[in-house]
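Novice: Provided herewith is a single structure, encoded as C-alpha cells, for subsequent inquiry.
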RNA sequence: GUGGCCAUAGCUCAAUGGUAGAGCAGUGGCCUGUGGAGCCACUGAUACGGGUCCGAUCCCCGUUGGCCACCCCA
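Residue numbers (this note's numbering): 15 to 458.
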C-alpha cells in the first residue's frame, strides 16, 4: 500500500516550534567546559585526600522541613528561594539549596556518631535556589563542600580553613579569608540587643528596607552594601566584643592556630552569613573584589544536628560555588589539562581497507590505546584533517597498496614524518612511539 | 522579588517598513594517497505570541531567555 497517493496535498508544514531554551537560571556544562570542571574536581579530591576527608553524596531532593529547620525560617533562602513542591504522595519536598542540612541528616540517620570522631566528609554536586540570575549566580549551581562533624575544638575550624586555603592555592587563585565569630545562643541574643539599640539611634539615616531588616534579622544589617549603612556600620558594636567567655576562648584559639602556621587572614567584624545555623566561627573566601566576589564560605554549626533531631554534635564546614571558580580560572587564564586527545587516528582508503581498519580499531582499543576514526569520510585529506582537528598524536593510513603487502603507514601528526611498517608489528610500533612521546612530554 | 539594557545562522557580527549578508565553523567536491592558511560549491537565521500596516526582522504590547544593578548569596 502506497504511503502517499500522488495527488495527496503536501502536508502543510507545522508551525515551527519555539526554539527550545534553557529553563531560567539553568546552564549546560559543555564538552569544552569540562577541562575546567575536571581540574577543580581533581583538586578538590586531592585536598580532601590530604586532609582526610571521604566522599559523601546526599540526594538532591530532601523533605522541605529539613531545610526550614536547619537553615532558618527567616532566611532569604528558605523564605523565597527554595524550589519546593508537593509530590504525588503528598510529601513536601525541596531541591537542596545547600549541602550541610543533608549531610547532617545523613550523619544522624546512619549513626555516624558511632564512628571515630570527627567524621570528615566532602562532596560536590548541584544545588538550587530560585533567585534572579546574573553573572555568577544561577538557579542550578554546583558547590563543593567540606564538613567536619563531631569536633568542638577550634583546631578543627583552623584546619578546615587551612584546607580551603590549600585548595585555592592549588587552583592558583589568589584569595582572602575573611573571618569572624558570631557567638552562640548564650551570647548572641545579648549582642543582638546591643546592636538593635545602636541602630535605633540611627533610624533617621536608615532606608525602609534596612528598618524592616532591623526587626527581622538585625545581624544582617552588618554586611549590607547600602552606602548609608556602611557609614553607620563603621561605629557599630562588634560581635567579638560581646562574646561569652567560651566563644571568646574558642575564637582566640582559632586565631592562634592560624597565626601559628603564619596563615594570613582578615578579621571582618561585619561578616555575618545568611544562614541561621552558624555559631561561633564564620568565614568567607573572597576573590580580588572582596565580599562582592565571594567564592564561598562556611563556619561552625554546633547546634544544627541537635536542632534537626540528632544527639548534640558540634561541627564545622564550608562550601564554594564551582561556577564562580570556573569563571575566575578562565578569566585568570589558569592553565588546565586539555581535553583528552586520541593517541591514534585510523585513516582508510577503500572498502577493503576500511574492514581492516575496523579490526585494527578493536585490536588497539583492547591494547588500551585511545583510537579515533572517521570511517565515513572517503578522501585521505579530509581524514587527516579530522585527525588534526581532534589532536591525534599519530595517524595510521591503510589503503590498497598497504593491503596488498600487509603493511601500514604510521604518520606522526606533529611533524608529518611517516614510516611504513609491517601490519603485524603495528601494535608494537605504536606502543613504542607513544611511550617515547610520553617520555618527551614529561618535564624534567 | 524590583529596575535598566538586550535577543538576526552553531559562533562573531552586518543590513532593511518591501526577496536578510559576511567571516569562522559544518558538509560535499577537486582527491583511492597526505592535515596543521589550497581552490570550488552547499547547508544554515530574524526567540515565541499578538497588534499597527497593503506589507513587520525593523514600530507597539505581551511571553520566554540572557546580561547588568539592587536584593541576596555560592
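The beta carbon of each residue, even a glycine, is placed where N, CA and C say it ideally should be.
Since this is a predicted model, take the numbers as computed values, not measurements.
#1: For residue 310, count neighbouring Cβ atoms within 10 angstroms of its own Cβ and tell me buried if that reaches 16, exposed if not.
#2: Where are the beta strand (DSSP E) runs, 3 residues long or more, that stay fully inside the stretch 99–139, in chain order?
#3: Please name the residue, chosen from 348, 263, 192, that lies closest to residue 305 on a Cα-to-Cα basis.
#4: Identify the continuous beta strand (DSSP E) that holds residue 334 and give its terminal residues.
#5: Tell me, please, which residues DSSP counts as bridged to residue 293.
#6: Would residue 434 be called buried (16 or more neighbouring beta carbons within 10 Å of its own) or exposed?
#7: My parser needs the alpha helix (DSSP H) runs of 4 or more residues fully inside the stretch 392–428; what are they?
#8: Leaving out five residues on either side along the sequence, give the residues of the same chain with a beta carbon under 8 Å from the beta carbon of residue 302.
#9: Among the residues of its own chain, which have a CB less than 6 Å from the CB of residue 384, if the five just before and after it don't count?
#10: At a cut-off of 7 Å, is residue 285 close to the ligand GDP when judged by its beta-carbon and the heavy atoms of the ligand?
#11: For the alpha helix (DSSP H) that residue 277 lies in, which residues bound it at each end?
#12: Looking at the secondary structure, which residues open and close the beta strand (DSSP E) in which residue 386 lies?
#13: Which of the three DSSP states is assigned to residue 88 in this structure?
#14: In the DSSP assignment, what residue or residues form a beta bridge with residue 36?
#15: Does the Cβ of residue 214 have 16 or more other Cβ atoms within 10 Å, making it buried, or fewer, making it exposed?
#16: What three-state label does DSSP hand residue 284 in the structure shown?
#17: Quick one, are the C-beta atoms of residue 295 and residue 314 less than 8 Å apart?
#18: Check this for me: beta carbons of residue 350 and residue 50, under 8 Å apart or not?
#19: Mind checking who residue 342 pairs with in its DSSP beta bridge?
#20: For the stretch 153–238, list the alpha helix (DSSP H) runs that are entirely contained and at least 4 residues long, ordered along the chain.
#21: So, at 8 Å on beta carbons, what are the nonlocal neighbours of residue 420 in its own chain, with the 5 sequence-adjacent residues on each side left out?
#22: Would you mind sorting residue 195 into buried or exposed? The rule is 16 or more other CB atoms within 10 Å of its CB.
#23: Under a three-way DSSP split, which group does residue 78 fall into?
#24: Distance, Cα to Cα, residue 345 vs residue 338?
#25: With DSSP as the reference, please indicate the residues paired to residue 304 in a beta bridge.
#26: Report yes if the C-beta distance between residue 417 and residue 361 is below 8 Å; otherwise report no.
#27: By Cβ distance, which residues of its chain are closer than 6 Å to residue 121, with the 5 residues on each side in sequence left out?
#28: If you drop the 5 nearest sequence neighbours on each side, which residues of the same chain put their C-beta closer than 7 Å to that of residue 19?
#29: With respect to the alpha helix (DSSP H) encompassing residue 375, which residues constitute its N-terminal and C-terminal limits?
#30: Using the three-state DSSP reduction, which class does residue 438 fall into: helix, strand or coil?
#31: Quickly, what does DSSP pair residue 148 with across the bridge? List them, please.
#32: Would a C-beta distance cut-off of 8 Å place residue 118 and residue 318 closer than the cut-off?
#33: Among 161, 406, 221, which residue has its Cα nearest to the Cα of residue 71?
#34: On a CA-only basis, which of 348, 92, 413 is nearest residue 186? Give me that one, please.
#35: Taking the straight line between their C-alpha atoms, what separation do you get for residue 409 and residue 395?
#36: Residue 62 lies in the alpha helix (DSSP H); which residues open and close that run?
Specialist: Reading off the structure:
#1: So residue 310 ends up on the buried side.
#2: If we require 3 residues or more, the beta strand (DSSP E) runs fully inside the stretch 99–139 come out as 106–109.
#3: Nearest neighbour of residue 305 by Cα position, chosen from 348, 263, 192, turns out to be 192.
#4: In this chain, the beta strand (DSSP E) harbouring residue 334 covers 329–335.
#5: Under the DSSP definition of a beta bridge, residue 293 partners with 314.
#6: Burial call: exposed.
#7: Counting only runs of at least 4 residues, the stretch 392–428 fully encloses the following alpha helix (DSSP H) elements, listed from N- to C-terminal order: 394–404, 414–418.
#8: 188, listed in sequence order.
#9: Cβ neighbours of residue 384 beyond the five flanking positions: 356, 357.
#10: For the ligand GDP, the structure offers nothing, since it holds no ligand at all.
#11: From DSSP, residue 277 is part of no alpha helix (DSSP H); its letter is neither H nor E.
#12: Element bounds for residue 386: 385–387.
#13: Three-state result, residue 88: coil.
#14: Bridge partners of residue 36: none, in fact.
#15: Counting Cβ neighbours within 10 Å, residue 214 comes out exposed, since fewer than 16 surround it.
#16: The three-state reading of DSSP puts residue 284 in coil, since its state is none of H, G, I, E or B.
#17: Taking 8 Å as the cut-off, the Cβ atoms of residue 295 and residue 314 count as close.
#18: Residue 50 sits close to residue 350, with the two beta carbons spaced by under 8 Å.
#19: Under DSSP, residue 342 forms no beta bridge with any residue.
#20: Fully enclosed alpha helix (DSSP H) runs of 4 or longer: 168–184, 202–214, 222–230.
#21: Same-chain partners within the cutoff: 436, 437, 438.
#22: By the Cβ neighbour-count rule, residue 195 is buried, with 16 or more other Cβ atoms within 10 Å of its own.
#23: Collapsing the DSSP output to three states places residue 78 in a helix.
#24: Approximately 10 Å, taken between the alpha carbons.
#25: Bridge partners of residue 304: 301.
#26: The answer is no: Cβ separation not under 8 Å.
#27: Cβ neighbours of residue 121 beyond the five flanking positions: 163.
#28: Any reading at residue 19 must be qualified, since the residue scores a pLDDT of 31, below 50, and its modelled position is unreliable; the value itself is stated next. Within the same chain, residue 19 has no close Cβ partners at all.
#29: Taken as a continuous stretch (DSSP letters only), the alpha helix (DSSP H) holding residue 375 covers 365–380.
#30: Residue 438: helix per DSSP, three-state reduction.
#31: Per DSSP, 151.
#32: Contact: yes.
#33: Nearest of 161, 406, 221 to residue 71, Cα basis: 161.
#34: Per the Cα distances, 348.
#35: Whole-angstrom Cα-Cα distance: 12 Å.
#36: Where residue 62 is concerned, the enclosing alpha helix (DSSP H) stretches over 48–65.
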